Amino acid sequence: MSTLLAAAGSLEPAARSYLSPTGQEIVFLLVGVLVLGAAVVSVTTRQLVHAALWLVVALGGLAVEFLLLTAEFVAWVQVLVYLGSVVVLVLFGLMLTRAPIGRSPDADSGNRPAALAVGAASAATLVTLVVDAFRSSWIDLSGPAGTTRLTGEFLFSHWVLPFEALSVLLLAALVGAIVLSRAKGDGTKPRPGNLRTVLTKTKER
Amino acid sequence: MNAYAPILVLGAIAAAFAVGSVVMASLTGPKRYNRAKLEAYECGIEPTPQPVGGGRFPIKYYLTAMLFIVFDIEIVFLYPWAVSFDALGIFGLVEMLLFIATVFVAYAYVWRRGGLEWD
Chain A
89 MSTLLAAAGS LEPAARSYLS PTGQEIVFLL VGVLVLGAAV VSVTTRQLVH AALWLVVALG
149 GLAVEFLLLT AEFVAWVQVL VYLGSVVVLV LFGLMLTRAP IGRSPDADSG NRPAALAVGA
209 ASAATLVTLV VDAFRSSWID LSGPAGTTRL TGEFLFSHWV LPFEALSVLL LAALVGAIVL
269 SRAKGDGTKP RPGNLRTVLT KTKER
Chain B
151 MNAYAPILVL GAIAAAFAVG SVVMASLTGP KRYNRAKLEA YECGIEPTPQ PVGGGRFPIK
211 YYLTAMLFIV FDIEIVFLYP WAVSFDALGI FGLVEMLLFI ATVFVAYAYV WRRGGLEWD
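Protein chains in written order, with this note's numbering: chain A, 89 to 293; chain B, 151 to 269.
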């Protein structure tokens, strides 16, 4: 991160203050509240399609946050990959399974307290980590901090291992999709959309 | 950031026009309903009734979506790589070749397993 901060040209903390936020900072906070609200609704609603659509709001809000931080490339990747593909995948998942349209009584589970505890714990960890790491650093947003060139240089020189690990993750995702969607063995193909037939067949065998 | 101001303005105008049109139409337009008008709109064809159990889609669509998402992510990484290629040099080239090779294994696997055939 220090390279990025140096490249961004950090200002003296004395020049900025929490007490006089700029318009950009206020919008950032407001959008953050919107993202948080949409995320909470997305995990608490009992209508699965609504959950997917609230996910669109949350992820789109994150794209706006990236834009406000002048990280244009990351913002549009967020729109392309998350809004464009992940949500489509979620909706496909709903259409492929027997998820009912409308309220689904089994969308709720008794694990809510446990989920809440885990969520709160990870949120607390992340907030502590981020606040501790960036306590008094200011990023000059008029600088080149979020440009595609800088992002690329940073990614491909400091994050090589995660980047290469990602390719293995993509491989695993595709293999998993093939294994799930193709029947194995006797050459009979699964009847389209009829997962139950496939499952019962596998059981009989 | 200021480059997005015109886009915001355009979005606001578009939203105002859409909302304004709907509101104006509901206020001023005549309301003569018939059966065809009240039916669900399915691009002009006769609406097909919902199958019992809330119709499901063939699993093939899931595979297509998965294929799209995987190669979408691959291409997205090519963009910042290409922009900063000069600074990365031969190291960046090898890095990206390794990445593409691994994803290509996935592609070859899908191909061999018939994942690219529709039927």
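For each residue, glycine too, the CB sits at the ideal point set by N, CA and C. Note that this is a predicted model, so its numbers are computed, not measured.
Could you round the C-beta distance between residue i and residue j to whole angstroms and report it? I think they count as a contact, below 8 Å.
i	j	result
glutamine 112 (chain A)	leucine 217 (chain A)	Rounded, the Cβ-Cβ distance is 24 Å, inconsistent with contact.
serine 269 (chain A)	tyrosine 257 (chain B)	Not really, about 16 Å apart at Cβ, beyond 8 Å.
leucine 262 (chain A)	tyrosine 259 (chain B)	7 Å
valine 123 (chain A)	leucine 150 (chain A)	6 Å
leucine 184 (chain A)	isoleucine 209 (chain B)	6 Å
leucine 117 (chain A)	tyrosine 154 (chain B)	No, leucine 117 (chain A) and tyrosine 154 (chain B) are not in contact; Cβ-Cβ is about 18 Å, not under 8 Å.
methionine 216 (chain B)	alanine 265 (chain A)	4 Å
Quick one: residues in its chain with C-beta nearer than 6 Å to the C-beta of residue i, no 5 flanking neighbours on either side, listed in chain order?
i	result
valine 145 (chain A)	Ala126
tyrosine 170 (chain A)	Leu147
phenylalanine 218 (chain B)	none
proline 180 (chain B)	none
arginine 200 (chain A)	none
proline 156 (chain B)	none
alanine 212 (chain A)	none
Restricting to Cα atoms, I'd like to know which of the options is closest to residue i.
i	options	result
proline 230 (chain B)	B:Ile219, B:Ala162, B:Lys187, B:Gly242	B:Gly242
leucine 243 (chain A)	B:Thr178, B:Asp269, B:Val233, B:Glu267	B:Val233
glycine 239 (chain B)	A:Ala208, A:Asp220, A:Gly240	A:Gly240
leucine 168 (chain A)	B:Asp236, B:Ala237, B:Phe235, B:Val220	B:Val220
serine 173 (chain A)	B:Val244, B:Thr214, B:Ala237	B:Thr214
serine 197 (chain A)	A:Thr133, A:Val121, A:Phe154, A:Thr110	A:Thr133
alanine 237 (chain B)	A:Ala260, A:Ser245, A:Leu259, A:Leu249	A:Ser245
leucine 249 (chain A)	B:Trp268, B:Gly264, B:Val244, B:Arg262	B:Val244
glycine 264 (chain B)	A:Val267, A:Gln166, A:Val128	A:Val267
With a CB to CB cut of under 7 Å and the five nearest residues on each side skipped, what residues in its chain are close to residue i?
i	result
valine 152 (chain A)	Val119
serine 130 (chain A)	Ala139, Trp142, Leu143, Ala146
phenylalanine 235 (chain B)	Gly242
proline 197 (chain B)	Glu189, Ala190
leucine 266 (chain B)	Val260
alanine 203 (chain A)	none
alanine 208 (chain A)	none
Leaving aside the five residues before and after residue i along the sequence, list all residues of the same chain whose C-beta is less than 8 Å from its C-beta, in chain order.
i	result
leucine 228 (chain B)	Met246
glutamate 224 (chain B)	Phe249, Ile250, Val253
leucine 179 (chain A)	Val137, Ala140
valine 115 (chain A)	Leu156
phenylalanine 251 (chain A)	Leu243, Phe244
serine 176 (chain B)	none
leucine 99 (chain A)	Its pLDDT being 49, under 50, leucine 99 (chain A) is placed unreliably in this model, and the coordinates cannot settle the point.
Is the beta carbon of residue i within less than 7 Å of some heavy atom of the ligand GTP?
i	result
leucine 136 (chain A)	Here there are no bound small molecules, and the ligand GTP is not part of this structure.
Next item on the list: State whether the segment 253-260 of chain A contacts the segment 243-253 of chain B, with contact taken as three or more CB pairs (one from each stretch) at a distance under 8 Å.
Entry: Because the criterion of three Cβ pairs below 8 Å is met, the segment 253-260 of chain A and the segment 243-253 of chain B touch.
Notebook entry, point to check: Is there contact here, the segment 153-168 of chain A with the segment 226-242 of chain A, by at least three beta-carbon pairs under 8 Å?
Noted result: Because the criterion of three Cβ pairs below 8 Å is met, the segment 153-168 of chain A and the segment 226-242 of chain A touch.
Item checked: Residues in the segment 161-194 of chain B having any Cβ partner in chain A nearer than 8 Å -> The segment 161-194 of chain B vs chain A, Cβ under 8 Å: nothing.
Item checked: the segment 237-255 of chain A: positions lying closer than 9 Å to chain B by Cβ -> Within the segment 237-255 of chain A, the qualifying residues are Arg237, Leu238, Thr239, Gly240, Glu241, Phe242, Leu243, Phe244, Ser245, Val248, Phe251, Glu252, Leu254, Ser255.
Note to self: Please identify, using Cβ separations under 7 Å, the residues of the segment 233-255 of chain B that lie next to chain A, in order along the chain.
What the structure shows: Residues of the segment 233-255 of chain B with a C-beta atom less than 7 Å from some C-beta of chain A are Val233, Ser234, Ala237, Leu238, Gly242, Glu245, Leu248, Phe249, Thr252, Val253, Val255, listed in chain order.
Margin query: Tell me which residues of the segment 151-181 of chain A have at least one Cβ-Cβ distance to chain B shorter than 8 Å, keeping chain order.
Written below: Listed in chain order, the positions of the segment 151-181 of chain A with a beta carbon within less than 8 Å of a beta carbon of chain B are Leu155, Leu156, Thr158, Phe161, Val165, Leu168, Val169, Gly172, Ser173, Val174, Val176, Leu177, Phe180, Gly181.
Checklist line | Contact residues within the segment 208-230 of chain A, judged by C-beta distance below 8 Å to chain B | finding: Of all residues in the segment 208-230 of chain A, the ones placed with a Cβ closer than 8 Å to any Cβ belonging to chain B are Leu229, in chain order.
Item checked: Interface residues of the segment 126-149 of chain A facing chain B [CB-CB below 9 Å] -> Per Cβ criterion, the list is empty.
Next item on the list: Could you name the residues of the segment 211-223 of chain B whose beta carbon sits closer than 8 Å to any beta carbon of chain A, in the order they occur along the chain?
Entry: Residues passing the 8 Å Cβ filter: Tyr211, Tyr212, Leu213, Ala215, Met216, Leu217, Phe218, Ile219, Val220, Asp222, Ile223.
Next item on the list: Compile a chain-ordered list of the residues in the segment 111-122 of chain A whose CB is closer than 7 Å to at least one CB of chain B.
Entry: So the list is empty, because no residue satisfies the distance condition.
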